[in-house]
Amino acid sequence: KKKKKKKKKGGGSHSDHWTFTTTPVLSKAIPGCYIAHNDGDWILGREKAQEEDVAAMERGELPDIAVDPEEMILTVYNATRTRRSYYLTCPCPAVDARGRRLDHGATRDSDGRTTTVTTFVVVLAPLSIMDLCYLRPVGGGGMPDIASHISDAPVGHPAPGVFNPAYVLPFPFAPTERLRRVTCGQAFGGELTHYHPNTFHAVDLQCDVGTPLLAVGSGEVVAARDHCSVSGIHCRNLFEWNSVMIRISVSSLGPYEATSPDSSGSSPRDGQGEGGSTPVGGPNEPSGGKGDVHDKWIYVEYVHIARGSLCVKVGDRVQRGQMICKAGDVGFCPTPHVHLQVHESNHPEAPTVRFGFLSADTPGYYFPEAGLTYELSLTGKSRVCAPSNDPT
């Protein structure tokens, strides 16, 4: 949607206090993505919508997104009375408030073609207008084709700080010659994608495509898909992911046995037979035989897994430490990682719940932080070994 925008009063302003240090996202993990939740140090300006703007929006005279054909300013409008979320993908170069050219990032379509784009992640308060940046089409060409996904943005998670100390997981990796340490790229409440209730308590762990992923507990596979292949930061990838969800017995959570995948990527706990499953336990018993029909269950989801990498299928029973799939870069995924989150229900809109990781140090668990690097162990326990060298 592109048309000449209504000339605004005041020119807008923005606060200089906003930096990536206020959001749990590691900037080098999201190349080509720029975040502005109501503000940002790279945007051109922000202001309240005037009454005439609201009236024009209601009459359909102002779009959600506009590009001024004279100054080539990209603007987003929120003339509603709710917070709104905007994912905008631009194929042409763009310049920020300080005259700096914004970086591009890679995106891959379903045919395997890779291009470079810039994606803006904006959350805008009710009745607000934000000028994002100047667009600079190559060769002074016409209006760029801005792709978008726009939706209402919830105010927050219903219980962001509540933590059940039983929800402590081992890391979903075993160390190998190539994988000794893992960096957290986005933590709880991350402003790239972890600000909705159903993703709030999610963790992005950076790892290479093909890294074996292990079941963090024993239970049953309740959802699985690995047919998608798109990747990168284009907003059209937001709903094209691969994932597996396991209904896990809380009583089965704990350290792994001291075994590790070998250099070929296979695991001593790889399942046998069709789907790679290993049936264990009785029909009403959590896998591994550690619980009963009254045991508590959680739903653990692994997202962005590699195409065709599933070792299990829906209905399979899995054991803690069993290889279930391989990490990938599928979906809205700026760099390869596994997105891990926990729910108490498998309803599509169920909020996430806070969880910790087993620590090799006291007090026994920790909450991951973006930018920190963790050293792996054969038992799934880990410890902070170094901050990322990313300056932001």
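Remember, my numbering sits 398 above the position in the sequence shown when you count from 1. Using N, Cα and C, we set each Cβ at its ideal position, and we do this for glycine too. Every value quoted in this text rests on a predicted model; they were computed, and no experiment measured them.
Verify whether the separation of the beta carbon atoms of residue i and residue j is less than 8 Å.
i      : j      : result
Ala492 : Thr516 : yes
Leu756 : Pro653 : yes
Ile703 : Asn640 : yes
Gln717 : Ser616 : yes
Ser425 : Tyr485 : no
Cys488 : Ile544 : yes
Ile842 : Tyr532 : This structure cannot speak to residue 842, because the chain is shown only from 399 to 790.
Asp602 : His741 : no
Leu611 : Lys724 : yes
Val698 : Val751 : no
Pro558 : Phe598 : yes
Gly729 : Asn635 : yes
Ala768 : Ala585 : yes
Arg481 : Val553 : yes
Cys605 : Phe571 : yes
Ser780 : Phe569 : yes
State the beta-bridge partners of residue i as determined by DSSP.
i      : result
Asn521 : Checking the sequence, you will find Val at residue 521 rather than Asn. Val521 pairs with His435 and Ser483.
Met455 : Answer is none; Met455 lacks a bridge partner.
Asp602 : Gln584 and His737
Cys531 : Leu472
Phe730 : Phe730 pairs with nothing; no bridge assigned.
Ile463 : Val474
Ile696 : Ile646
Ser549 : Ser483
Leu756 : Tyr763
Arg578 : DSSP output for Arg578 lists no bridge partner at all.
Ser743 : Looking at the DSSP assignment, Ser743 forms no beta bridge with any residue, so it has no partner.
Thr750 : His741
Gly443 : Asp529
For residue i, which of the options has the nearest alpha-carbon?
i      : options                           : result
Gly443 : Leu636, Gly608, Phe730 and Asp494 : Asp494
His737 : Ala551, Lys724, Val712 and Tyr700 : Tyr700
Val607 : Gly559, Gly503, His599 and Arg576 : Arg576
Val474 : Val521, Arg496 and Met541         : Val521
Pro732 : Arg498, Glu469 and Thr512         : Thr512
Gly726 : Asp624, Asn562 and Phe518         : Asp624
Ala477 : Ala453, Val465 and Gly497         : Ala453
Ser650 : Cys633, Leu567 and Asn596         : Leu567
Ser775 : Glu655, Ala748 and Pro749         : Glu655
Tyr593 : Ser483, Asp759, Glu450 and Pro535 : Ser483
Thr591 : Leu460, Ser549, Lys779 and Val580 : Ser549
Leu770 : Val580, Tyr763, His555 and Asp759 : Val580
Gly713 : Ala622, Pro535, Ala572 and Pro422 : Ala622
Glu445 : Phe753, Ile527 and Phe571         : Ile527
Asn744 : Gly762, Asp759, Ile646 and Thr777 : Ile646
Gly510 : Tyr764, Phe765 and Gly630         : Gly630
Phe753 : Thr760, Pro766 and Pro542         : Pro766
His555 : Pro535, Arg578, Ala600 and Ala758 : Ala600
Asn436 : Pro467, Ala523 and Ile463         : Ala523
Leu460 : Gln448, Glu468 and Glu469         : Gln448
Asp501 : Arg479, Arg534 and Tyr763         : Arg534
Val423 : Arg499, Gly583 and Thr609         : Gly583
To the nearest whole angstrom, what separates the beta carbons of residue i and residue j, a pair I think is in contact under 8 Å?
i      : j      : result
Ile696 : Glu589 : Their Cβ separation, rounded to whole angstroms, is 25 Å, which puts Ile696 and Glu589 out of contact at 8 Å.
Ile441 : Leu530 : 6 Å
Gly503 : Gly430 : 2 Å
Ser508 : Val628 : 5 Å
Asn562 : Glu747 : Asn562 to Glu747, Cβ: 20 Å. No contact.
Val648 : Lys694 : 4 Å
Cys490 : Val560 : Not quite, the Cβ-Cβ distance comes to about 44 Å (not below 8 Å), so this is no contact.
Looking at the structure shown, is residue i part of a helix, part of a strand, or coil, going by DSSP?
i      : result
Cys783 : strand
Pro677 : Low confidence applies here, because Pro677 scores a pLDDT of 30, under 50, leaving its location unreliable and the question unanswered by this model.
Val701 : strand
Asn640 : coil
Ala725 : strand
Asp714 : coil
Arg634 : helix
Gly608 : coil
Glu773 : strand
Glu449 : helix
Ser629 : strand
Ile503 : The sequence shown places Gly at residue 503, not Ile. Reduced to three states, the DSSP call for Gly503 is strand.
Gly537 : helix
Ser425 : helix
Gly497 : coil
Val566 : strand
Gly617 : strand
Thr513 : strand
Ser559 : As written in the sequence, residue 559 is Gly, which differs from the Ser given in the question. Coil, per DSSP.
Gly778 : coil
Cys490 : coil
Ala572 : coil
Ala622 : strand
Is the beta carbon of residue i within less than 7 Å of some heavy atom of the ligand MN?
i      : result
His547 : Of the ligands one can find in the structure shown there are none, so the ligand MN has no counterpart to examine.
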